[in-house]
Amino acid sequence: MLIGEVARRSGVSARMLRHYESLGLLRPSGRSGSGYREYSGEDIRRIFHIESLRSLGLSLREIGRALDEPGFAPSALVDDLIRRTRERIAAETELLTRLRRIDAAEPGDWEDVLQVVAFLQALGSKSAGARQRAALSTADEAPVPVEALVEAVLSETEPNVAGALRWALARSGEGGTALLAEGLGSSVAAVRERAVQSLAEMPGAEATARLRDALANPDAVVRGHAALALGTRGVADALPTLIDMIVEGRNDTDAADALSMLAGDTATAERIATGLVGHLGRDTTEASARVRLTQALADIPGATASRALVELANDGNRAVALTAAYLLQLRDAR
555 MLIGEVARRS GVSARMLRHY ESLGLLRPSG RSGSGYREYS GEDIRRIFHI
605 ESLRSLGLSL REIGRALDEP GFAPSALVDD LIRRTRERIA AETELLTRLR
655 RIDAAEPGDW EDVLQVVAFL QALGSKSAGA RQRAALSTAD EAPVPVEALV
705 EAVLSETEPN VAGALRWALA RSGEGGTALL AEGLGSSVAA VRERAVQSLA
755 EMPGAEATAR LRDALANPDA VVRGHAALAL GTRGVADALP TLIDMIVEGR
805 NDTDAADALS MLAGDTATAE RIATGLVGHL GRDTTEASAR VRLTQALADI
855 PGATASRALV ELANDGNRAV ALTAAYLLQL RDAR
């Protein structure tokens, strides 16, 4: 079979067949009387073997070894191909992610594209200073890839950089809120905490709704951060969690401050006082927790809190009694 017919039937161009021959990879079995290459059935099978191995990503040199060296074991080569393929996929995935983030930033011109590329490179820098400067650079009103900011803030371990990233994310609007909410479900506790801290600084109703949902999170740290943030936003749903924090001694001072901020109206103040007094009356409440609960009544206005402090001033626990008596003096002075 002549080269033209072989090319037609195999789908391999005549030029490529000649290239294989120049490399010693394929040798036609004979020549015609006119000197044209003639390929036998065995030659055709070798062509298909070559093309099959090329489809796996083998180089022509590797294909030659695979076909001509009887002792050449495929296992090592296949393992190497797997490694190279994984590296290529990782590189392509990284490129795709970068392109998606540039597209999401909606650049208006090539200058915007270059700014986003520089921003992404700085976010991935090993230098904490470079990462912090990148976050602060978002004040320049350049396009910001929100997804990249969320990824950065969820992985950042340097407190100053993390603070700058949260600030940048809050300035970007509500676009990152849903992504941060996904971080609340991470299997890594540190990521969950970073996610809720970032949500706490996000503006808008959607962030508030996500923080409300976080009150049911199984992670007590997440619940605590969410409750404190909601307290500053005037959301009374946080009351039970804030009171639990005081009982458990987790950020109890901040929790008490949040309760005092929520106690601005009479009905809510009464709810808070009733909740604190309810825990004070439980036999299972530890002595140290009773002191904290008593202290939390300090800035809660209303009759329920006042009556409770009067009773607690005669409590059998000396620390509770002294704390209540002191708080009553402060209330009388005010």
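In terms of the working numbering, the sequence shown opens at residue 555 and continues consecutively.
Note that beta-carbon positions come from the ideal geometry of N, C-alpha and C, so glycine has one too.
Exercise. Taking contact to mean at least 3 C-beta pairs separated by less than 8 Å, is the stretch 703-712 in contact with the stretch 745-764?
Worked result: yes
For this session: Count the other C-beta atoms from every protein chain shown that fall within 10 angstroms of the C-beta of P699, then say buried if there are 16 or more, exposed otherwise.
Result: Against the sequence shown, residue 699 aligns to sequence position 145. Buried, because 16 or more other Cβ atoms sit within 10 Å of the Cβ of P699.
Exercise. If you pair each beta-carbon of the stretch 657-675 with each one of the stretch 610-625, do three or more pairs fall below 8 Å?
Worked result: no
For this session: Tell me where the alpha helix (DSSP H) around V739 begins and ends.
Result: Residue numbering aside, residue 739 sits at position 185 when the sequence shown is read from its first letter. Reading off the sequence, residue 739 comes out as Gly, not Val. Per DSSP, G739 belongs to no alpha helix (DSSP H) and is neither H nor E.
For this session: Give the straight-line distance between the Cα atoms of L631 and E605, rounded to the nearest whole angstrom.
Result: Counted from its first residue, the sequence shown places residue 631 at position 77. Counted from its first residue, the sequence shown places residue 605 at position 51. Their backbone Cα atoms lie some 17 Å apart in a straight line.
For this session: Can you tell me which of V670, R637, R638, D634 puts its alpha carbon nearest to the alpha carbon of T651?
Result: Counting from one through the sequence shown, the residue named residue 651 turns up at place 97. The shortest C-alpha separation from T651 is found at V670.
For this session: Pick out whichever of G587, S586, G611, G578 has its Cα sitting closest to the Cα of R600.
Result: By 1-based counting over the sequence shown, the position of residue 600 is 46. Nearest C-alpha to R600: G578.
For this session: Pull up the CB-CB distance for A781 and A792, whole angstroms please, since I reckon it's below 8 Å.
Result: Taking the first residue of the sequence shown as 1, we reach residue 781 at position 227. Taking the first residue of the sequence shown as 1, we reach residue 792 at position 238. The Cβ separation is near 4 Å, so the contact holds.
Problem set entry | Own chain residues within Cβ distance below 6 Å of A568, not counting five before or after | Translated into the one-based positions of the sequence shown, residue 568 becomes position 14. So the list reads I557, A561, once near-sequence residues are dropped.
Exercise. A857 and D869: beta carbons closer than 8 Å?
Worked result: As a working note, residue 857 is residue 303 in the sequence shown. As a working note, residue 869 is residue 315 in the sequence shown. Result no, Cβ atoms of A857 and D869 do not sit closer than 8 Å.
Problem set entry | Rounded C-alpha distance that separates S613 from L635 | Against the sequence shown, residue 613 aligns to sequence position 59. Against the sequence shown, residue 635 aligns to sequence position 81. Each residue's alpha carbon lies about 10 Å from the other.
For this session: Evaluate Y590 with the Cβ neighbour count: other Cβ atoms within 10 Å of its Cβ, from every protein chain shown; 16 or more gives buried, anything less gives exposed.
Result: Indexing the sequence shown from 1 puts residue 590 at position 36. It is exposed - the Cβ of Y590 has fewer than 16 other Cβ atoms within 10 Å.
For this session: Could you please give me the residues that DSSP links to R585 through a beta bridge?
Result: Walking along the sequence shown from the start, residue 585 turns up at place 31. BP columns for R585 point to R591.
For this session: Compare the C-alpha of A688 against each of V715, S709, R608 and name the closest.
Result: Translated into positions along the sequence shown, residue 688 becomes position 134. Of the candidates V715, S709, R608, the one whose C-alpha sits nearest the C-alpha of A688 is V715.
Exercise. In its own chain, which residues sit with a C-beta less than 8 Å from the C-beta of S726, not counting the 5 before and 5 after it?
Worked result: Reading the sequence shown from its first residue, position 172 is the one you call residue 726. Here the set comprises T692, V698, V700, L703.
Exercise. What residue range is occupied by the uninterrupted alpha helix (DSSP H) comprising R725?
Worked result: Here the question's residue 725 lines up with position 171 in the sequence shown. First-last of the alpha helix (DSSP H) with R725: 713-725.
Exercise. So, helix, strand or coil for L612, using DSSP?
Worked result: Numbered from its first residue, the sequence shown carries residue 612 at position 58. In the structure shown, L612 sits in coil (DSSP, three-state: anything other than H, G, I, E or B).
Problem set entry | Where the alpha helix (DSSP H) through G683 begins and ends | Position 129 of the sequence shown, counted from the start, is the residue given in the question as residue 683. It spans 682-690 - the alpha helix (DSSP H) in which G683 sits, taken as one unbroken run.
Problem set entry | Distance, D657 Cα to L765 Cα | Taking the sequence shown and counting its residues from 1, the one referred to as residue 765 is at position 211. Taking the sequence shown and counting its residues from 1, the one referred to as residue 657 is at position 103. Roughly 29 Å separates the two Cα atoms.
Exercise. So what does DSSP say about L580, is it helix, strand or coil?
Worked result: Position 26 of the sequence shown, counted from the first residue, corresponds to residue 580. Coil, per DSSP.
For this session: Using only alpha-carbon positions, find the residue among R836, G595, H573 that is nearest to E559.
Result: As a first step, residue 559 is located in the sequence shown; it is residue number 5 there, counting from the start. It is G595.
For this session: Would you grab the beta carbon distance between L610 and D597 for me? Rounded to a whole angstrom, and I think it's under 8 Å.
Result: Reading the sequence shown from its first residue, position 56 is the one you call residue 610. Reading the sequence shown from its first residue, position 43 is the one you call residue 597. Wrong, their Cβ atoms sit about 21 Å apart, outside the cutoff.
Exercise. Candidates T795, A841, N805, R836: which alpha carbon is nearest I826's?
Worked result: As a position in the sequence shown, residue 826 is number 272, starting the count at 1. With distances taken between Cα atoms, I826 lies closest to T795.
For this session: Name, in chain order, the residues that DSSP records as bridge partners for L556.
Result: Translated into the one-based positions of the sequence shown, residue 556 becomes position 2. DSSP lists E592 as partners of L556.
Problem set entry | Residues near A783 in its chain [Cβ-Cβ closer than 6 Å; skip 5 each side] | As a first step, residue 783 must be located in the sequence shown, where it is residue number 229. Excluding sequence neighbours, A783 sits near A754, L765.
For this session: Tell me whether V874 is buried or exposed, calling it buried when 16 or more other Cβ atoms sit within 10 Å of its Cβ.
Result: Stepping through the sequence shown from its first residue, residue 874 is reached at position 320. When all chains shown are included, V874 counts as buried.
Problem set entry | Top-ranked residue by Cα proximity to T786, from P628, F673, D808, A645 | Within the sequence shown, residue 786 is the residue found at index 232, counting from 1. For the residues P628, F673, D808, A645, the minimum Cα distance to T786 belongs to D808.
For this session: Could you tell me whether the Cβ atoms of L723 and E710 are closer together than 8 Å?
Result: As a position in the sequence shown, residue 723 is number 169, starting the count at 1. As a position in the sequence shown, residue 710 is number 156, starting the count at 1. Not a contact, by the Cβ cut-off of 8 Å.
For this session: Output the distance between the C-alpha atoms of E641 and R615, rounded to the nearest integer angstrom.
Result: Position 87 of the sequence shown, counted from the first residue, corresponds to residue 641. Position 61 of the sequence shown, counted from the first residue, corresponds to residue 615. Approximately 21 Å between the Cα atoms of the pair.
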